[in-house]
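Number of protein chains: 2
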Amino acid sequence: MPIVNQAQIARSLKVSRATVSKALKDADDISEGMKKRVRDLAEKFNYIPHYHASNLQSKRTKTIGVVVPDISYSFFAFAVDGIMDAAQRSGYQVILTVSREKVDIERKNILTLLSMRVDGLLVAVSKETRNIQIFEKVRRSEIPLVFFDRSVGGLGFSSVGIDDREAARRLVDFVLRKGYRRIWHIAGSSGIDIGRNRRAGYGDALTRRGIRIRKDWITEGGFTREDGRRGFRELHRRGALPDVVFGANDQIALGAYDAMRELGIRYPEQVGVVAFSHREYANIMSPSLTIIHVDPCLLGRKAMELLLRHMDHPGTRSRRLRIPAEIEEGESLLKRGDSVQGD
Amino acid sequence: MPIVNQAQIARSLKVSRATVSKALKDADDISEGMKKRVRDLAEKFNYIPHYHASNLQSKRTKTIGVVVPDISYSFFAFAVDGIMDAAQRSGYQVILTVSREKVDIERKNILTLLSMRVDGLLVAVSKETRNIQIFEKVRRSEIPLVFFDRSVGGLGFSSVGIDDREAARRLVDFVLRKGYRRIWHIAGSSGIDIGRNRRAGYGDALTRRGIRIRKDWITEGGFTREDGRRGFRELHRRGALPDVVFGANDQIALGAYDAMRELGIRYPEQVGVVAFSHREYANIMSPSLTIIHVDPCLLGRKAMELLLRHMDHPGTRSRRLRIPAEIEEGESLLKRGDSVQGD
DNA sequence: TTGAAAGCGTTACCAG
DNA sequence: CTGGTAACGCTTTCAA
Chain A
17 MPIVNQAQIA RSLKVSRATV SKALKDADDI SEGMKKRVRD LAEKFNYIPH YHASNLQSKR
77 TKTIGVVVPD ISYSFFAFAV DGIMDAAQRS GYQVILTVSR EKVDIERKNI LTLLSMRVDG
137 LLVAVSKETR NIQIFEKVRR SEIPLVFFDR SVGGLGFSSV GIDDREAARR LVDFVLRKGY
197 RRIWHIAGSS GIDIGRNRRA GYGDALTRRG IRIRKDWITE GGFTREDGRR GFRELHRRGA
257 LPDVVFGAND QIALGAYDAM RELGIRYPEQ VGVVAFSHRE YANIMSPSLT IIHVDPCLLG
317 RKAMELLLRH MDHPGTRSRR LRIPAEIEEG ESLLKRGDSV QGD
Chain B
17 MPIVNQAQIA RSLKVSRATV SKALKDADDI SEGMKKRVRD LAEKFNYIPH YHASNLQSKR
77 TKTIGVVVPD ISYSFFAFAV DGIMDAAQRS GYQVILTVSR EKVDIERKNI LTLLSMRVDG
137 LLVAVSKETR NIQIFEKVRR SEIPLVFFDR SVGGLGFSSV GIDDREAARR LVDFVLRKGY
197 RRIWHIAGSS GIDIGRNRRA GYGDALTRRG IRIRKDWITE GGFTREDGRR GFRELHRRGA
257 LPDVVFGAND QIALGAYDAM RELGIRYPEQ VGVVAFSHRE YANIMSPSLT IIHVDPCLLG
317 RKAMELLLRH MDHPGTRSRR LRIPAEIEEG ESLLKRGDSV QGD
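Protein chains in written order, with my numbering: chain A, 17 to 359; chain B, 17 to 359.
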């Protein structure tokens with residue numbers, strides 16, 4: 017016997033559907049006796065309320081939609097964890113979708129979420145070219161959206177992320193202060209802001225110290241481990257070894273390690289690696305890597321909190337929230353620090 | 017202007033709601049001209065269909081509910097990835113919930129998912145005592161459920177997992193064949209089957225080789241990194257160092273490493289570590305750890321596929337699907353293998 | 001204290 | 001080809 021509805025309970029009890037509805041939600045204009053009869057039968061029949069039928073009237077679904085490029089990137093796994101945590105606390109259910117870094121899947125996912133009438137959207141865009149159209153549609157729908165980690169600017173939506181440019185500058189400056197000069201950069205795609213900004217921060221750090229930016233020390237690609245491996249090999253083909261490789265993220269750093277193992281290059285003795293990452297992940301690889309990290313859980317939680325504000329107060333002005341990043345030094349620099357003079 | 021509905025389009029066009037509905041879904045009893053007028057206005061008004069209102073009739077929501085203990089365990093992150101992949105392919109949306117290893121949250125989550133009328137459920141139970149009641153409720157609701165990774169037996173639901181006992185036996189036997197005899201086991205909680213089974217497999221391996229099981233070489237706890245750290249320290253207090261530590265999972269193994277670092281014990285030179293893990297995760301830590309692993313993506317995909325079968329053919333008999341596990345040898349054993357004679 | 005009726009957004013069926 | 005009406009499961013308002 018599939019799930020029963022209120023009508024069947026009403027029929028069995030020979031009362032109206034309205035009475036059953038009210039009894040089940042403990043309305044105070046229903047007698048205790050009736051409430052008990054209804055509840056007992058509901059229990060016996062294994063009655064389970066119909067979430068969406070109820071929400072059909074209330075215009076609120078108590079759900080939020082989340083779009084991430086890939087849940088198997090541990091960064092997003094942790095971010096989603098932070099989101100789920102904050103969502104749970106405020107009584108929201110989460111519809112999770114994954115875009116696999118594809119704009120068209122992302123588009124479809126957002127459309128589905130809108131059609132599910134989620135009360136709000138949390139989106140980390142894919143790294144392909146952003147399609148403004150779908151976000152225009154979201155704006156028109158008046159369903160609040162907050163970008164997290166990866167955002168699309170100029171659309172008037174709030175976003176929560178880190179100041180990649182400044183963080184990258186600080187990280188590279190940290191390396192320079194250790195006395196290293198030959199710093200390669202395996203950048204991600206510059207099609208997405210995190211890629212562009214981290215690369216820009218790398219440039220900033222060099223420029224401020226009057227060091228020329230060498231194009232042949234930089235390579236672009238994607239953000240995967242394989243991209244990191246390819247990137248290292250490409251730069252390696254161009255010339256001598258660097259002191260330090262700066263990876264745009266942790267996957268790229270792992271890929272660089274892979275390449276070095278393949279090429280017989282010892283790390284951290286010969287080449288140090290620094291990268292963007294986050295503590296939970298870096299802890300596994302540590303202590304070999306020096307990272308600049310942001311807590312992805314915190315980022316998710318902040319994003320959810322900002323979204324809640326937008327949902328509760330529709331008029332709220334959009335904000336760009338920046339989570340501070342922290343440098344965590346690993347052996348890859350400590351060890352080499354001894355063999356190179358500081359400045 | 018919030019999202020418009022079909023009625024507003026109908027009113028604007030001075031046609032009936034039925035006509036609009038049919039035009040929008042390209043029914044063949046509507047003229048092309050009318051279809052165009054409807055579609056154009058829908059576009060202009062930013063019409064977005066109402067997922068749940070449609071599904072109210074069709075009795076299918078094209079959604080499945082997933083319950084995991086914690087998405088920040090990379091194992092579950094990958095498993096969810098596999099689920100999302102298979103779900104996307106078959107046109108299902110995923111409602112993800114996290115129980116934080118708490119039975120009462122798990123219960124609430126399942127209840128919410130039932131009330132959302134998901135077409136099916138994929139559940140990895142929390143490690144606390146299982147509450148049969150809620151699953152009894154699921155059974156009565158006739159909504160198909162498949163357990164993955166962690167299951168509750170005797171309820172008639174299908175499950176997808178690994179044969180932990182056999183896998184643990186093989187892993188420990190592998191270590192024994194390398195010539196090691198002093199093997200500690202930092203077990204997880206025996207409140208859950210994976211904990212019990214892995215511990216049993218550890219015992220099997222020893223017994224089959226006529227080695228006595230020493231209770232003081234085994235400790236129980238949870239499955240976190242901290243549990244692993246605590247476990248190692250506890251066993252360490254009881255006596256001399258082991259040859260190898262067998263961790264019930266990778267977090268525990270990391271915790272054992274933590275403890276050894278704190279205690280000044282060198283690994284893998286002094287103590288080797290073997291554990292249950294999965295390749296994606298172990299690759300990060302490798303090559304120091306020897307693992308027995310199962311592909312969590314595959315597990316998720318298989319679970320989804322099995323669920324699809326149950327959803328499509330309601331009568332299907334329940335099955336216990338076992339994903340094979342594979343041993344991947346790391347340096348922790350290779351290196352020590354040289355200093356100990358084989359058998 | 002209970003119930004009748006309208007409505008939430010959509011689809012299905014049948015008439016015209 | 002188009003439209004009226006009922007139905008999906010539930011809530012809410014207003015009468016009784």
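Virtual Cβ for every residue (Gly too), placed ideally from N, Cα, C. Just so you know, these numbers come straight off a predicted model, no measurement behind them.
Whose C-alpha, out of the options, is nearest the C-alpha of residue i?
i, options, result
"residue 124 of chain A", "B:130, B:108, B:124, B:131", "B:108"
"residue 154 of chain B", "B:143, B:258, B:138", "B:138"
"residue 68 of chain A", "A:333, A:159, A:134", "A:134"
"residue 346 of chain A", "A:308, A:315, A:322", "A:308"
"residue 243 of chain B", "B:273, B:224, B:226, B:260", "B:273"
"residue 164 of chain B", "B:218, B:127, B:336", "B:336"
"residue 96 of chain B", "B:265, B:334, B:329, B:311", "B:311"
"residue 89 of chain A", "A:314, A:338, A:267", "A:267"
"residue 314 of chain A", "A:340, A:292, A:194", "A:340"
"residue 80 of chain B", "B:103, B:65, B:73, B:94", "B:103"
"residue 285 of chain A", "A:257, A:265, A:291", "A:257"
"residue 331 of chain A", "A:188, A:173, A:232", "A:173"
"residue 213 of chain B", "B:227, B:225, B:187", "B:187"
Should residue i and residue j be called a contact, given that it needs their Cβ atoms to be closer than 7 Å?
i, j, result
"residue 20 of chain B", "residue 36 of chain B", "no"
"residue 327 of chain A", "residue 160 of chain A", "yes"
"residue 204 of chain A", "residue 239 of chain A", "yes"
"residue 178 of chain A", "residue 262 of chain A", "no"
"residue 245 of chain B", "residue 275 of chain B", "yes"
"residue 114 of chain B", "residue 87 of chain B", "yes"
"residue 322 of chain A", "residue 110 of chain A", "no"
"residue 235 of chain A", "residue 208 of chain A", "no"
"residue 176 of chain A", "residue 141 of chain A", "no"
"residue 181 of chain A", "residue 216 of chain A", "yes"
"residue 408 of chain B", "residue 270 of chain B", "In the structure as shown, chain B begins at 17 and stops at 359. Residue 408 of chain B is therefore absent and cannot be evaluated."
"residue 210 of chain A", "residue 282 of chain A", "no"
"residue 218 of chain A", "residue 183 of chain A", "no"
Could you have a look at residue i and say whether DSSP puts it in helix, strand or coil?
i, result
"residue 98 of chain A", "helix"
"residue 291 of chain B", "strand"
"residue 347 of chain B", "helix"
"residue 257 of chain A", "coil"
"residue 150 of chain A", "helix"
"residue 167 of chain A", "coil"
"residue 308 of chain A", "strand"
"residue 333 of chain B", "coil"
"residue 235 of chain B", "strand"
"residue 285 of chain A", "coil"
"residue 215 of chain B", "helix"
"residue 247 of chain B", "helix"
"residue 62 of chain A", "coil"
"residue 31 of chain A", "coil"
"residue 47 of chain B", "coil"
"residue 220 of chain B", "helix"
"residue 36 of chain A", "helix"
"residue 70 of chain B", "helix"
Pull the bridge partners of residue i from the DSSP assignment, please.
i, result
"residue 82 of chain A", "A:112, A:138"
"residue 128 of chain B", "In the DSSP output, where bridge partners are listed per residue, residue 128 of chain B has none listed."
"residue 263 of chain B", "B:202, B:291"
"residue 161 of chain B", "B:137"
"residue 54 of chain B", "Bridge partners of residue 54 of chain B: none, in fact."
"residue 338 of chain B", "B:177"
CB of residue i to nearest heavy atom of the ligand MN: below 6 Å?
i, result
"residue 48 of chain A", "Looking at this structure, you won't find the ligand MN or any other ligand, since it has none at all."
Select from the stretch 45 to 75 of chain B all residues with a C-beta closer than 8 Å to any C-beta belonging to chain A, and list them in chain order.
62, 64, 65, 66, 67, 68, 69, 71, 72
Residues of the stretch 124 to 144 of chain A in Cβ contact with chain B at a cutoff of 8 Å, in chain order, please.
127, 128, 130, 131, 132, 133
When Cβ atoms are compared, which residues of the stretch 155 to 168 of chain B fall closer than 9 Å to chain A?
Per Cβ criterion, the list reads 156, 157, 158, 159.
Just by C-beta distance, which residues in the stretch 96 to 110 of chain B are closer than 7 Å to chain A?
96, 97, 100, 109, 110
Looking at chain B, which residues of the stretch 321 to 334 of chain A have a Cβ within less than 9 Å of any of its Cβ atoms?
Hits within the stretch: zero.
Output, in sequence order along the chain, the residues in the stretch 76 to 88 of chain A whose CB is closer than 9 Å to any CB in chain B.
Taking 9 Å as the Cβ-Cβ cut-off against chain B, the residues of the stretch 76 to 88 of chain A that qualify are 77, 79, 82, 86, 87, 88.
Just by C-beta distance, which residues in the stretch 214 to 243 of chain A are closer than 7 Å to chain B?
So nothing in the stretch comes that close.
Identify each residue in the stretch 273 to 289 of chain B for which the Cβ-Cβ distance to at least one residue of chain A is less than 9 Å, and report them in chain order.
none
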